[in-house]
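Sequence lines, in order, name chains G and L.
UniProt numbering applies: residue 1 is where the first sequence begins, and numbers increase by one.
UniProt numbering applies: residue 1 is where the second sequence begins, and numbers increase by one.
2 protein chains.
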Amino acid sequence: MTARTPDSARDIPEATVARLPVYLRALTGLAEDGTTTCSSEELAATAGVNSAKLRKDLSYLGSYGTRGVGYDVEYLRYQIAREIGVTQDWPVVIVGIGNLGHALANYSGFRSRGFRVVALLDADPDRHTDVVAGLEVRSFEDLEAIVTEHDVSIGVIATPAVAAQSVADRMVAAGITSILNFAPTVLTAPEGVDVRKVDLSIELQILAYHEQRKAVAGSEDVS
Amino acid sequence: MTARTPDSARDIPEATVARLPVYLRALTGLAEDGTTTCSSEELAATAGVNSAKLRKDLSYLGSYGTRGVGYDVEYLRYQIAREIGVTQDWPVVIVGIGNLGHALANYSGFRSRGFRVVALLDADPDRHTDVVAGLEVRSFEDLEAIVTEHDVSIGVIATPAVAAQSVADRMVAAGITSILNFAPTVLTAPEGVDVRKVDLSIELQILAYHEQRKAVAGSEDVS
DNA sequence: GCCGTTTTGTTCTCCCGTTCACAAACTCCT
DNA sequence: AGGAGTTTGTGAACGGGAGAACAAAACGGC
Ligand SMILES: NC(=O)c1ccc[n+]([C@@H]2O[C@H](COP(=O)([O-])OP(=O)(O)OC[C@H]3O[C@@H](n4cnc5c(N)ncnc54)[C@H](O)[C@@H]3O)[C@@H](O)[C@H]2O)c1
Ligand SMILES: NC(=O)c1ccc[n+]([C@@H]2O[C@H](COP(=O)([O-])OP(=O)(O)OC[C@H]3O[C@@H](n4cnc5c(N)ncnc54)[C@H](O)[C@@H]3O)[C@@H](O)[C@H]2O)c1
């Protein structure tokens, strides 16, 4: 009798999509603490957002709460995980096994959140003797074979900035359709390929801007 | 004769602040290529944004272009750097020198973009013998002394999630007013303290969501 | 079986950010 | 000097997201 789309919710706002992983993490935390039920108020506090926003976000997925009671932690956790698509594991390749690539390869948060690193690639032959986090570092030339074999759709770029675009191009040609870029450069990719970036310098510079304003506001008119 | 605020531009929108570092990087790239002048169209293309958006963003800083000509690369670069506050170096402390902390300490992009790592701190005494990137790893207990000595206002957290909030509290108590958090947890901080987070898992999960939608759209009605 | 309490799901309004479109302003050429 | 061509800076329209406020629904007590 519901006039909504029955199970496949349509067009979730991007801002909501970006918060769903936060809710997922908050729910996992609550579950570990033995909490079986929580209100939107509690969950919102744990996730650090407004409770009205949380409820609106969840309403895009469907009606998974119970009025007067709240949400079943485990049930909601599963629904969000299913919506995001992390109920099954996503194979991931990391390209550029330098300082940052090593850290990423050793990051346990991948596995525990629905991602599995299937290969580490580097252009430098000297690196190919290394074994990092139980995986041997392989030649970048193996990219196509690995993508095909493991049906990889997500690639991580941790190479120097100058190499990033060419790596991205190779990834796209090999069939990868989602890229997470750590190199400080703007990547261009064809329609249908999602690119997200993580940029440490930008984050710091944003902090610096606000920091500077605090300093100026503090000194006011010194002359 | 300008009715604008003469030199200290007021309240730049947050979305604009987040893009200024991108423009700064694009301008640095153009300068390295020997370009002395560029139009908003060129710069926008390099930075990967709409040219109207770029012009509006720059208009918040002042009127630094010349109609019919474009922008002087070096001049605009300096103006943005000054606005962000990266014409002088900002001292930074990194707490948690594990996998990620090592990579961050070795990251050359800090120094070249207006930041100087003045100390590496870790709670584990076994780490205190290490020297990373020319800096010895010191005890977390030294935080207050270091913050006071170097007048540090920016702190980076690369500890496990469980420790992040207590580290943040100590930072705030020591006088740090801007925090960049890599731990996958929601931090709370008092008014006046800026907290930004970099969350790898969230980025990947956002990619996974869109990836899943692509897959569903491709298969349509399989039943 | 009914009423009060609790909490969700949703509507409505406001605000911020994006984009279009164009007048103002500058250069260069004749 | 004047006009054609360019490019900036900004006013205005538009769309999306945030938050307040409330109606609908479920539970519990009697
Ligand atoms: N280290 C950090 O904490 C940090 C932080 C933020 C951003 N970044 C960025 O991440 C990237 C990597 O940083 P890093 O410190 O690990 O650098 P790095 O020099 O230590 O490692 C880069 C690795 O990429 C490999 N490589 C180079 N060209 C390649 C190619 N075409 N194909 C495949 N592999 C290639 C190199 O052999 C090297 O192993 C850089 O763009 C850097 O700006 C690093
Ligand atoms: N490794 C990655 O690529 C990666 C990526 C994204 C996020 N993260 C997050 O970054 C954080 C660090 O990751 P990691 O892989 O480097 O972990 P790690 O275990 O290798 O390093 C953590 C370091 O923090 C230190 N530490 C623990 N408690 C502390 C405290 N109270 N005060 C000071 N230091 C303390 C530990 O001694 C250790 O050296 C984690 O929260 C992780 O989830 C890591």
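Even for Gly, the Cβ is constructed at its ideal location relative to N, Cα and C.
Looking at the strands, I want to know which residues DSSP matches up with residue i.
{"i": "residue 178 (chain G)", "result": "G:154 and G:194"}
{"i": "residue 138 (chain L)", "result": "L:121"}
{"i": "residue 115 (chain G)", "result": "G:90"}
{"i": "residue 131 (chain L)", "result": "L:136"}
{"i": "residue 62 (chain G)", "result": "Note: residue 62 (chain G) sits in no beta bridge, so no partner."}
{"i": "residue 95 (chain L)", "result": "L:121 and L:157"}
{"i": "residue 36 (chain L)", "result": "Looking at the DSSP assignment, residue 36 (chain L) forms no beta bridge with any residue, so it has no partner."}
Give a yes or no on whether the C-beta atoms belonging to residue i and residue j are separated by under 8 Å.
{"i": "residue 19 (chain G)", "j": "residue 49 (chain G)", "result": "yes"}
{"i": "residue 135 (chain G)", "j": "residue 120 (chain G)", "result": "yes"}
{"i": "residue 71 (chain L)", "j": "residue 37 (chain L)", "result": "yes"}
{"i": "residue 28 (chain L)", "j": "residue 77 (chain L)", "result": "yes"}
{"i": "residue 114 (chain L)", "j": "residue 90 (chain L)", "result": "yes"}
{"i": "residue 30 (chain L)", "j": "residue 73 (chain L)", "result": "yes"}
{"i": "residue 164 (chain L)", "j": "residue 187 (chain L)", "result": "yes"}
{"i": "residue 22 (chain G)", "j": "residue 47 (chain G)", "result": "yes"}
{"i": "residue 133 (chain L)", "j": "residue 161 (chain L)", "result": "no"}
{"i": "residue 51 (chain L)", "j": "residue 40 (chain L)", "result": "yes"}
{"i": "residue 26 (chain L)", "j": "residue 43 (chain L)", "result": "yes"}
{"i": "residue 189 (chain G)", "j": "residue 103 (chain L)", "result": "no"}
{"i": "residue 167 (chain L)", "j": "residue 198 (chain G)", "result": "no"}
Under DSSP, the beta strand (DSSP E) around residue i begins and ends at which residues?
{"i": "residue 71 (chain L)", "result": "70-72"}
{"i": "residue 21 (chain L)", "result": "That residue, residue 21 (chain L), is in no beta strand (DSSP E); its alpha helix (DSSP H) goes 14-32."}
{"i": "residue 86 (chain G)", "result": "Counting along the chain, residue 86 (chain G) falls outside any beta strand (DSSP E), and DSSP gives it neither H nor E."}
{"i": "residue 49 (chain L)", "result": "Per DSSP, residue 49 (chain L) belongs to no beta strand (DSSP E) and is neither H nor E."}
Going by Cα to Cα distance, which pick from the options is closest to residue i?
{"i": "residue 13 (chain G)", "options": "G:53, G:93, G:31 and G:201", "result": "G:53"}
{"i": "residue 194 (chain L)", "options": "L:184, L:169 and L:201", "result": "L:169"}
{"i": "residue 109 (chain L)", "options": "G:185, G:174 and G:192", "result": "G:185"}
{"i": "residue 211 (chain L)", "options": "G:175, G:215 and G:96", "result": "G:175"}
{"i": "residue 101 (chain L)", "options": "L:138, L:68, L:65 and L:114", "result": "L:138"}
{"i": "residue 157 (chain L)", "options": "L:145, L:146, L:171 and L:144", "result": "L:171"}
{"i": "residue 94 (chain G)", "options": "G:84, G:189, G:73 and G:117", "result": "G:117"}
{"i": "residue 86 (chain L)", "options": "G:208, G:112, G:15 and G:216", "result": "G:208"}
{"i": "residue 215 (chain G)", "options": "L:217, L:196, L:199 and L:192", "result": "L:192"}
{"i": "residue 173 (chain G)", "options": "G:141, G:26, G:96 and G:107", "result": "G:141"}
{"i": "residue 225 (chain L)", "options": "L:35, L:26, L:32 and L:57", "result": "Residue numbering for chain L in the displayed model covers 1 to 223; residue 225 (chain L) lies beyond these limits and cannot be assessed."}
{"i": "residue 99 (chain G)", "options": "G:123, G:159, G:62 and G:44", "result": "G:159"}
{"i": "residue 96 (chain L)", "options": "L:33, L:124, L:145 and L:62", "result": "L:124"}
{"i": "residue 146 (chain L)", "options": "L:217, L:92 and L:15", "result": "L:92"}
{"i": "residue 75 (chain G)", "options": "G:189, G:166, G:112 and G:35", "result": "G:35"}
{"i": "residue 80 (chain L)", "options": "L:17, L:111 and L:197", "result": "L:17"}
What residue range is occupied by the uninterrupted alpha helix (DSSP H) comprising residue i?
{"i": "residue 101 (chain L)", "result": "99-105"}
(request) Count the CB pairs spanning the region 195-207 of chain G and the region 174-182 of chain L that are closer than 8 Å, and state whether there are at least three. (result) yes
(request) Decide if the region 124-142 of chain L is in contact with the region 150-158 of chain L; the criterion is three or more beta carbon pairs, one per stretch, under 8 Å apart. (result) no
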